[in-house]
Every structure is written in C-alpha cells, then in structure tokens.
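Novice:
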Amino acid sequence: MQRQIRHFVVLAMITLSAGCAVSKGQAFDVSYVNKIEPGMTTKADIRKNLGEPHSTTLSSKTEVWTYQHFRGGSFFENVKGVYGAAPIKAEIDTLEIFFKGDIVKDYSFKRDR
3 MQRQIRHFVV LAMITLSAGC AVSKGQAFDV SYVNKIEPGM TTKADIRKNL GEPHSTTLSS
63 KTEVWTYQHF RGGSFFENVK GVYGAAPIKA EIDTLEIFFK GDIVKDYSFK RDR
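According to the working numbering, the sequence shown holds residues 3 to 115 in order.
Here you go:
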C-alpha cells in the first residue's frame, strides 16, 4: 500500500511540474525600451523603469548595462521538441545599454525565439 502511495505522489509531482514554464533572469518592461532616448535618458531613469541590470561592464570609458530574461516552455513541451514532435518554445530578451557618464549613449535590444 505504501508503495502505491509513493508511486502516486511521484506521478503527481511529475504531472504537475510538466505544465510549469521555465523563467530565468528578471523580467523587464520591454515596452520601455522604445522610450529610451540616447543623449537624454539617464542611469537614474533606467534604474527607475527597469531595475538593477543583470550585469555591468566597463570598457573604453563606456559603461554597458545588460538586462536579460529567458522564458521557456513547459518541461513537456520542451521534451516533445527534443524528440522532434514539436518545436522547443523559448524566448530570450537581451537589452544592452551603453552609457557615457550618466547619460545613455546608445542601446541594443534583441529577442531570440
């Protein structure tokens, strides 16, 4: 009897986790990206609207803030994709913002599917 209960619990956990989507990194407001104005938008504006960056780097007097967010399909959807039954569902949003001092110099946004 205990063995049957254990099997049921394991099966229930697998079933429930199969419907859960995967998400890594902090989601950020993609609609704000079009409001960034090089030469006008400040670091404070970016922080206020997007939060802290995923990473920062400094090279040649230019500071780069990177925001990344990964969203994947459920475990079941991705397993189907691995075996060719369906495409793997995943999106990666990457926003890089280049600063000169405290002002945005340029930015790049990319969404990979």
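Heads up, the beta-carbon is just placed ideally off N, CA and C, and yes, glycines get one too.
1. Confirm, please, whether the CB-CB distance from Tyr34 to Pro55 is below 8 angstroms.
2. What residues match up with Arg49 in a beta bridge as DSSP calls it?
3. Just verifying my parser: in three-state terms, what is the DSSP assignment at Ser57?
4. Return helix, strand or coil for Ser62, following the three-state DSSP convention.
5. Could you check the C-alpha separation between Arg99 and Tyr109 for me, to the nearest Å?
6. Here's the rule I'm using: 16 or more other beta-carbon atoms within 10 Å means buried, otherwise exposed. How should Thr43 be labelled?
7. Is Leu2 buried or exposed, if buried means 16 or more other CB atoms sit within 10 Å of its CB?
Specialist: So, from the data block:
1. Stepping through the sequence shown from its first residue, residue 55 is reached at position 53. Stepping through the sequence shown from its first residue, residue 34 is reached at position 32. No, the Cβ-Cβ distance between Pro55 and Tyr34 is not below 8 angstroms.
2. Locating residue 49 in the sequence shown gives position 47, counting from the first residue. For Arg49, which the question treats as bridged, DSSP gives no partner whatsoever.
3. Start at 1 with the first residue of the sequence shown, and residue 57 comes out as number 55. Looking at Ser57 - three-state DSSP - the assignment turns out to be strand.
4. Position 60 of the sequence shown, counting from 1, holds the residue named residue 62. Coil at Ser62, not helix or strand.
5. The residue you call residue 99 lines up with position 97 of the sequence shown. The residue you call residue 109 lines up with position 107 of the sequence shown. Looking at the sequence itself, residue 99 is Ile, so the reference to Arg does not match. Straight-line Cα distance between these residues: approximately 4 angstroms.
6. Translated into positions along the sequence shown, residue 43 becomes position 41. Thr43 is buried by the Cβ-count criterion.
7. The chain is shown from 3 up to 115; residue 2 falls before or after that span and cannot be answered.
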